[in-house]
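Undergrad:
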Amino acid sequence: MTFPVYWLNGRIVPPAQACIPLTDHGLLYGDGVFEGIRFYHGHALRLVQHIERLYRSARALCLVPPCTEGELTAAIEETIAAFDGPDGYLRVVVTRGAGKLGLDPKSCARPNLFIIADALAMVSAEVRARGARVIIAATRRLPPDGLDPRVKSLNYLNHILARIEAANAGADEAILLNAQGRVTEGTADNVFIVRAGALYTPPASDGALQGITRALVIDLAVELGIACTETSLTAYDLYTADECFLTGTGAELIPVREVDGRALTSSPGAVFARVQQAFKALVRRECARG
Ligand code: PMP
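Take 3 as the starting number for the sequence shown in the working numbering and just add one per residue.
#1: Nearer than 7 Å: is that true of the beta carbon of Gly252 relative to any heavy atom of the ligand PMP?
#2: Please report how far the alpha carbon of Arg264 lies from the alpha carbon of Pro16, in whole angstroms.
#3: Rounded to whole angstroms, what is the Cα-Cα separation between Ser109 and Phe116?
#4: Across which residues does DSSP place Gly38 in a beta bridge pair?
#5: Unbroken beta strand (DSSP E) runs of length 3 or more, entirely within the stretch 165–195: which are they?
#6: When DSSP labels each residue in this structure, what does Ser59 get in the three-state scheme?
#7: What does a CB cutoff of less than 7 Å around Ala100 pick up in its chain, not counting 5 residues either side in sequence?
#8: Please tell me whether Ile214 and Thr251 are closer than 8 Å, where the distance is taken between their beta carbons.
#9: Quick check: does the Cβ of His161 come within less than 7 Å of any heavy atom belonging to the ligand PMP?
#10: So the candidates are Ser207, Val153, Val277, Val50; which of them puts its Cα closest to the Cα of Arg184?
#11: At what residues does the alpha helix (DSSP H) containing Gly250 begin and finish?
#12: Would you call Met3 buried or exposed, if buried means 16 or more other Cβ atoms sit within 10 Å of its Cβ?
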């Protein structure tokens, strides 16, 4: 049993003090950015990439985090060290800060920065073993000309609506299409399919977040000699895939066994098993060094 650790604006604080004001525009308007980061063996996986993405997301919103990238790295290390366990999940959030009512961010003098370390299991061990049942949500992904999907912002409402659709349908996860009907991503994960031994994943330009786990899986495929192509996919491609799996920091790698009631031919399958094994080896290589 582990307890969450909270770091807020410069220091670790007890749970009762882990609070931000009601007038924070992150709360009032979803005005802020965040990262989810996993640590294994006490070391954050792909920390540089996560911090860079956070600062890029913030820059796109004219939001200046209240510390340097180096200071944030130190804060993350301090939070991991205070957590009672070698493995866990970090949520790093920068909000616009407290301000007046009304959208104008100029009234917010100082962004709030906080980190939560906790355990996170996106699905049960049983779902991981047998494969997830997913639906294609009626809720579409926000169009890139509305909000660029590379910005990892605090606006997740349409993903939450898709997740509610999944729960109402008795499924484990939902996949969102874009306005043109192309596959984008899951509610908090990217999508891969396998056809005739080769991997396919939608290009980020179809509307997905540029996932750090997705990039890592593409690299692993090269190492393993598995062809991997970024190409637009439709519901049909998911229904007729041999295998399908989801990737994300929270999700790690989750096999999919069924899409909209269609059982996939051989999922969880051999390609997933190879990628999964290579992912575990990479985690050991990159994180178990101390
Ligand atoms: N898409 C969305 C919408 C997400 O929230 C996440 C989780 N951050 C992902 C994809 C997976 O990205 P990553 O591998 O960088 O965690």
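We put the beta carbon where it would ideally sit given N, CA and C, even for glycine.
TA: Taking the coordinates as given:
#1: Within the sequence shown, residue 252 is the residue found at index 250, counting from 1. Gly252 Cβ: within cutoff of the ligand PMP.
#2: Locating residue 264 in the sequence shown gives position 262, counting from the first residue. Locating residue 16 in the sequence shown gives position 14, counting from the first residue. Cα to Cα, the separation comes out at about 48 Å.
#3: Along the sequence shown, read from residue 1 onward, the residue named residue 109 stands at position 107. Along the sequence shown, read from residue 1 onward, the residue named residue 116 stands at position 114. C-alpha separation (whole angstroms): 20 Å.
#4: Locating residue 38 in the sequence shown gives position 36, counting from the first residue. Arg93, per the DSSP bridge assignment.
#5: Along the stretch 165–195, the beta strand (DSSP E) occurs as fully enclosed runs of 3 or more residues at 175–179, 185–188, listed in sequence order.
#6: Taking the sequence shown and counting its residues from 1, one reaches residue 59 at position 57. For Ser59, the three-state secondary structure derived from DSSP is helix.
#7: Taking the sequence shown and counting its residues from 1, the one referred to as residue 100 is at position 98. Sequence-distant Cβ neighbours of Ala100 in its own chain, meaning closer than 7 Å and more than five residues away, are Pro23, Thr25, Asp26, Cys110.
#8: As a first step, residue 214 must be located in the sequence shown, where it is residue number 212. As a first step, residue 251 must be located in the sequence shown, where it is residue number 249. With contacts defined as CB atoms closer than 8 Å, Ile214 and Thr251 qualify as a contacting pair.
#9: Against the sequence shown, residue 161 aligns to sequence position 159. At least one heavy atom of the ligand PMP lies less than 7 Å from the C-beta of His161.
#10: Looking up residue 184 in the sequence shown gives position 182. Checking every option, the nearest Cα to that of Arg184 belongs to Ser207.
#11: Translated into the one-based positions of the sequence shown, residue 250 becomes position 248. Counting along the chain, Gly250 falls outside any alpha helix (DSSP H), though it belongs to the beta strand (DSSP E) covering 245–250.
#12: Against the sequence shown, residue 3 aligns to sequence position 1. Exposed.
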